[in-house]
């Protein structure tokens, strides 16, 4: 509710950026599903492509929620509505729910492509195929799905219902399982491999260490 055009321009910029992001996600999904080379089944794709595919699905599902929140904020600022203003019967907590429903999948939108690239780099510079390829794919799918049901762990001090908080706590712990699967498979990939410590390999090993 800052005075001037700043808030309006921020909302407009967010919506415009979101529209481009959604279109990019649709493009990736469509390309991967319909334009693969003959004989290239889904489970023959490399892990970087899988990671981008899952990321694109997250984008298409999460970004519209943030865009809707921005549209509601624009209406509050300019059209006399009260989606988020308590003075008119609105709920400030609704903004947090809408933002974090986008904001937590966004964490995985950023890290999943890095996970895919790291998987490929570790395999190439260990001179071994990726350990547990299908397990890695299913782990990324699980991370993408669970990423949508843990947003409330950003809101534990917001006054949210305690039963709901407990549910978000449990789902947050569960998401550690596919993350651990990926970590163990990365370790299995480099175990007894012919490791070449290139710059890319050092960055990939640092990524795994930091992720752990």
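In my numbering, the protein residues as written are -19 to 192.
Built from N, CA and C at the ideal position, the CB exists for glycine as well.
ask   = With a Cβ-Cβ cutoff of 8 Å, do residue -2 and residue 47 count as a contact?
value = Cβ atoms of residue -2 and residue 47: closer than 8 Å.
8 Å Cβ cutoff met for residue 168 and residue 112 = yes
ask   = If you compare alpha carbons, which of 21, -6, 17, 159 is closest to residue 91?
value = Considering only alpha carbons, the answer is 159.
key: residue 72 classed as buried or exposed, judged by whether at least 16 other C-beta atoms fall within 10 angstroms   = Counting Cβ neighbours within 10 Å, residue 72 comes out exposed, since fewer than 16 surround it.
query = Are the beta-carbon atoms of residue 145 and residue 126 separated by less than 8 Å?
reply = no
inquiry  = For residue 172 and residue 34, I'd like the C-alpha separation in whole angstroms.
reply    = Residue 34 has its alpha-carbon roughly 30 Å from the corresponding atom of residue 172.
ask   = Alpha carbon to alpha carbon, what distance is there between residue 67 and residue 121?
value = When only Cα atoms are considered, residue 121 and residue 67 end up about 42 Å apart.
task = Any chance you could list the beta strand (DSSP E) runs of at least 3 consecutive residues sitting entirely within the segment 64 to 110, in chain order?
result = none
ask   = In whole angstroms, what is the alpha-carbon distance linking residue 74 and residue 63?
value = 8 Å
ask   = By Cβ distance below 7 Å, which residues in the same chain neighbour residue 138 in space, the five residues on each side in sequence not counted?
value = 73, 76
ask   = Which word fits residue 85, buried or exposed, when buried means at least 16 other C-beta atoms lie within 10 angstroms of its C-beta?
value = buried
inquiry  = So for residue 28, helix, strand or coil by DSSP?
reply    = helix
Beta carbon of residue 244 nearer than 8 Å to that of residue 45 = Outside the shown range of the chain (-19 to 192) lies residue 244, about which nothing can therefore be said.
ask   = Can you list, in chain order, the residues of its chain whose CB lies under 7 Å from that of residue 129, leaving out five sequence neighbours each side?
value = 151
Whole-angstrom distance between residue 54 and residue 87, CA atom to CA atom = The alpha-carbon atoms of residue 87 and residue 54 are separated by roughly 25 Å.
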